[in-house]
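In this note's numbering, the protein residues as written are 1 to 231.
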Amino acid sequence: MTWDPHRLDPRWPFDLTRTTFDLDAGSTALLVIDMQVDQITIGPESPMAERHPQIRDDWERRIGECVIPNIERLIDWFRRRDHRIVYTRNGTMTATGDEMTRRLKPRRPVGGQPIHRNSPGYQVVERLAPRNEDMVVDKLTSGAFTASTLDHALRNMRISGLVMTGVLTDACVFGTARSAAELGYDSLICEDACATFTRRAHDDALMMHARIFGRVDTTDGVLAELEKNHG
């Protein structure tokens, strides 16, 4: 099953504004965005759990039953064919976080505490852990292209297409996907391999991307397209 933007916004002139492309398997990389222990774990005593327990319940269900299994499927496909996988990690370089931008300083990951790069919670969750051949980008910003060497590295790898997965759909995922489109990459967000705090925020971000900047599809749709276009 593919993801249909017309269902959410039937009056938008997609035929005039949307970006169309076919993923070329040989030049497409998988991005696993901020799937870190502390980024996806909402502890029972965290502010989110105390103030918004239903969000915590929905989040844990979405991450455990949908996002991680679908990213695993995508990782497996890319690994078996020796295609590129890129991970991003978000957190502070110092214990105080003074190096973060003013917008991000007062914010915290879903668990409520800042993530320092030397802490266990900074690491990618074990089920999705990178290997030595994968590229890992550490960032201080929402978008992975801002203040990093990601664009430079991808061009050296001759990558032209990107499949986005991870958290949060409406923050780091969409920010990275939009920047990728602006830089000339074929930018696709994998809808059921991403998550944010509410369904509306999730859908709104996907629609922003699908209207103008790139494509949105499901894991099944992405895998079918990559397999079809794999030389």
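All C-beta atoms in this analysis are idealised placements derived from N, C-alpha and C, irrespective of residue type, glycine included.
Only a predicted model underlies this, so the values are computations on that prediction, with no experimental measurement involved.
Item, Value
"Identify the continuous beta strand (DSSP E) that holds residue 90 and give its terminal residues.", "85–90"
"Roughly how many angstroms lie between the CA atoms of residue 120 and residue 100, to the nearest whole one?", "20 angstroms"
"Could you tell me whether the Cβ atoms of residue 221 and residue 3 are closer together than 8 angstroms?", "yes"
"Since residue 189 is in the alpha helix (DSSP H), which residue starts that stretch and which ends it?", "Counting along the chain, residue 189 falls outside any alpha helix (DSSP H), though it belongs to the beta strand (DSSP E) covering 186–195."
"Do the CB positions of residue 96 and residue 215 come within less than 8 angstroms of each other?", "no"
"Taking residue 164 as part of the beta strand (DSSP E), name the residues at either end of that continuous run.", "161–167"
"Pull the bridge partners of residue 139 from the DSSP assignment, please.", "90"
"By the DSSP assignment, the alpha helix (DSSP H) with residue 73 in it spans what residues?", "68–80"
"If you count every other CB in all the chains shown that lies within 10 Å of the CB of residue 225, and 16 or more means buried, which is it?", "buried"
"Helix or strand or just coil, what does DSSP make of residue 116?", "strand"
"To the nearest angstrom, how far is the alpha carbon of residue 223 from that of residue 187?", "15 angstroms"
"Exposed or buried, residue 50, counting other C-beta atoms within 10 Å across all chains shown (16 or more means buried)?", "exposed"
"Could you tell me whether the segment 158–168 touches the segment 24–33, where touching means 3 or more Cβ pairs closer than 8 angstroms?", "yes"
"Can you tell me the Cα-Cα spacing of residue 16 and residue 57, whole angstroms?", "39 angstroms"
"According to DSSP, is residue 215 helix, strand or coil?", "strand"
"Give the DSSP-derived three-state secondary structure of residue 33 in the structure shown.", "strand"
"When you compare only the Cα positions, how much space is there between residue 174 and residue 28?", "18 angstroms"
"With distances taken between CB atoms, is the gap from residue 201 to residue 170 smaller than 8 angstroms?", "yes"
"Given a cut-off of 8 angstroms on the beta-carbon distance, is the pair residue 193 and residue 74 in contact?", "yes"
"Would you give the residue range spanned by the alpha helix (DSSP H) that residue 47 belongs to?", "47–51"
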